[in-house]
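The structure appears right after this line, and notes come after that.
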Amino acid sequence: IIVVLWIILRLEILVVPVALATILAALLLPVVDFLHRRGAPRGGAVALVLLSGIALFGGLLTFVVTQFIDGAPALVGQVTTSIE
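Positions 73 to 156 (my numbering) are the ones given, in order, by the sequence shown.
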């Protein structure tokens, strides 16, 4: 067991992305199966789910960055006040 843990720690740069990809694939598989059962080609269903996920992530990231930029002046004011 110790040897296996040592190997995993040494290969962390490879193990983490593969583990995340496996989890993501397992989470998205039911949606792909649903679209495939409804008549969509499997490759098209995969592409649709991936592109939808990327668009959703991009929209969420845009929202968060916009909110941060809008709140930055107030944050700078609070930091300046707390430093003084």
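In this text, a Cβ means the ideal position worked out from N, Cα and C, and glycines have one as well.
Please read these numbers as outputs of a predicted model, since none were measured by experiment.
Please state the DSSP three-state secondary structure of E156. Mapped onto the sequence shown, residue 156 falls at position 84. In the structure shown, E156 falls within a coil segment according to DSSP collapsed to helix, strand and coil.
Express the C-alpha separation of L107 and V87 in angstroms, rounding to a whole number. Counting from 1 along the sequence shown, the entry for residue 87 is found at position 15. Counting from 1 along the sequence shown, the entry for residue 107 is found at position 35. Roughly 30 Å separates the two Cα atoms.
First and last residue of the alpha helix (DSSP H) that includes R109? As a working note, residue 109 is residue 37 in the sequence shown. Per DSSP, R109 belongs to the alpha helix (DSSP H) from 84-109.
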